[in-house]
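Residue numbers (my numbering): 1 to 361.
Encoded as structure tokens, the structure appears first; notes follow it.
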Ligand code: NAD
Ligand code: WQD
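What follows is the structure in structure tokens.
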């Protein structure tokens with residue numbers, strides 16, 4: 001039972017109803033550090049049912065949920081509405097900033113929507129954190145900021161910002177730059193309280209909570225590989241189109257279990273609390289490159305039948321190979337991805353089978 005009082009640190013989780021946010025909240029609520037969580041999400045790409053499931057996973061009764069898992073359905077671009085959240089909340093010890101739009105293809109079709117949503121929400125967040133005295137933030141960045149890197153594995157000092165192929169990716173890069181300027185300004189302003197900022201560059205999160213109660217629930221046709229594969233596995237789609245690549249004819253990525261990624265955020269929050277001040281950047285990945293065909297095979301094993309696929313053209317903008325050197329996160333924060341590819345697929349299958357239509361059902 002995770003019924004506890006409010007004494008732990010209070011974390012603002014933006015975009016907490018979404019895929020990575022909801023998994024991270026289960027870790028926060030089950031941590032011995034006794035966190036409480038305030039979620040801000042406008043449900044643009046998620047359902048509030050995810051938080052009911054989080055409460056189930058964490059055995060929160062009504063009373064402890066009221067104290068430890070508060071939800072505000074607010075668009076962060078609406079500064080007045082967002083300010084009311086800060087006014088109504090205890091002082092935040094830190095923020096984890098997941099909120100953002102993330103569909104790569106759509107960001108090419110409607111770039112202004114992506115630039116304004118992702119940038120304005122972040123500006124409002126940083127201004128309100130300043131105003132209400134919150135000095136620690138972990139930001140959801142992405143391996144996409146490395147563009148098509150020449151050498152593998154990718155380290156944190158691999159150049160960023162060059163060769164990013166889409167508007168979504170550029171919002172991540174731009175927000176990183178904003179965070180750096182904001183961090184550096186602190187030393188130029190006398191009396192300014194120093195910040196702790198952690199930029200987390202995720203590689204490819206997949207899988208679901210092992211309970212099968214929460215997972216990735218894309219709207220419409222999935223853009224990403226594993227949600228698509230899971231829908232083929234459960235019979236919602238007939239076959240996967242495998243986009244071409246260089247290695248074995250398919251692309252290579254660094255897939256990591258979403259629970260490992262979720263734990264990476266707790267490491268970052270604890271690391272910032274210990275350091276109090278600093279600008280940190282970490283890759284979060286496993287360090288292993290897997291091809292599309294490796295993933296199709298692993299999912300076939302998890303679900304007990306073959307996944308039908310057809311070979312297709314390369315997807316415009318796709319890079320061939322991308323995997324992390326994640327040793328810095330280990331050295332500095334003690335974080336390491338421990339879950340195997342089989343666990344990623346087994347947990348994804350468990351979620352997909354129990355929720356064939358996502359949260360809607
Ligand atoms: P998600 O879409 O499931 O979650 C993002 C959440 O932000 C959604 O619940 C959405 O409703 C909310 N949101 C968007 N705009 C908002 C606004 N203006 N106000 C309030 N809420 C808003 O995505 P996810 O997969 O959980 O990703 C979380 C973060 O990690 C995103 O910033 C994403 O870009 C980043 N990221 C994701 C991946 C990935 O492969 N999933 C990889 C790298 C980085
Ligand atoms: C993985 C591999 C595809 C679908 C994207 C974003 C990136 C990040 C993660 C947020 C590739 C192949 C895919 C399909 C396929 N998101 N594929 N058939 O492209 O690494 O990255 O998501 O930051 O910014 O660009 O992930 O899951 O789309 O693709 O063959 O139907 O699967 O070509 O090799 P990607 P993905």
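All C-beta atoms in this analysis are idealised placements derived from N, C-alpha and C, irrespective of residue type, glycine included.
This one's a predicted model, so the numbers in the text were calculated from it and none came from an experiment.
Original post:
Taking 6 Å as the line, does the beta carbon of residue 424 fall inside it for any heavy atom of the ligand NAD?
Top reply: Here the chain covers residues 1 to 361 and nothing more, so residue 424 does not appear.
Original post:
CB of residue 44 to nearest heavy atom of the ligand NAD: below 6 Å?
Top reply: Here residue 44 refers to the residue found at position 44 of the chain shown. At least one heavy atom of the ligand NAD lies less than 6 Å from the C-beta of residue 44.
Original post:
Cβ atoms of residue 216 and residue 19: under 7 Å apart, would you say?
Top reply: One-based indexing of the chain shown puts residue 19 at position 19. One-based indexing of the chain shown puts residue 216 at position 216. The answer is yes: Cβ separation under 7 Å.
Subject >> Of the listed residues 84, 16, 95, 79, nearest to residue 273 (C-alpha basis) >> reply: As a working note, residue 273 is residue 273 in the chain shown. Cα-wise, what sits closest to residue 273 is 95.
Subject >> Span of the beta strand (DSSP E) around residue 13 >> reply: Locating residue 13 in the chain shown gives position 13, counting from the first residue. For residue 13, the uninterrupted beta strand (DSSP E) segment begins and ends at 10-14.
Original post:
Along the chain, which unbroken stretches of the alpha helix (DSSP H) at least 4 residues long are found entirely within the stretch 204-271?
Top reply: Qualifying alpha helix (DSSP H) stretches, in chain order: 225-233.
**OP:** Would you mind sorting residue 366 into buried or exposed? The rule is 16 or more other CB atoms within 10 Å of its CB.
**Re:** Residue numbering for the chain in the displayed model covers 1 to 361; residue 366 lies beyond these limits and cannot be assessed.
Original post:
For the beta strand (DSSP E) that residue 309 lies in, which residues bound it at each end?
Top reply: Reading the chain shown from its first residue, position 309 is the one you call residue 309. Bounds of the beta strand (DSSP E) holding residue 309 are 309-311.
Original post:
Taking buried to mean at least 16 other C-beta atoms within 10 Å of its own C-beta, is residue 275 buried or exposed?
Top reply: By one-based count along the chain shown, residue 275 stands at place 275. In this structure residue 275 is exposed. Its beta-carbon is surrounded by fewer than 16 other beta-carbon atoms within 10 angstroms.
Original post:
Quick one: is the Cβ of residue 76 within less than 6 Å of any heavy atom of the ligand NAD?
Top reply: Translated into the one-based positions of the chain shown, residue 76 becomes position 76. Within the cutoff, so yes.
Original post:
Do you know how far the Cα of residue 22 is from the Cα of residue 369?
Top reply: Here the chain has residues from 1 to 361 only, and residue 369 is not among them.
Original post:
Should residue 181 go down as buried or exposed, given a rule of 16 or more other Cβ atoms within 10 Å for buried?
Top reply: In the chain shown, the residue the question calls residue 181 occupies position 181. Around the beta carbon of residue 181, fewer than 16 other beta carbons sit within 10 angstroms, so the residue counts as exposed.
Subject >> Residues near residue 81 in its chain [Cβ-Cβ closer than 6 Å; skip 5 each side] >> reply: Counting from one through the chain shown, the residue named residue 81 turns up at place 81. If we look at residue 81 and ignore the five residues flanking it on each side, its Cβ neighbours are 74.
Subject >> Nearest neighbour of residue 168, chosen from 55, 147, 321, 33 [CA to CA] >> reply: Numbered from 1 along the chain shown, position 168 holds the residue referred to as residue 168. When 55, 147, 321, 33 are compared, the shortest CA-CA separation from residue 168 is found for 147.
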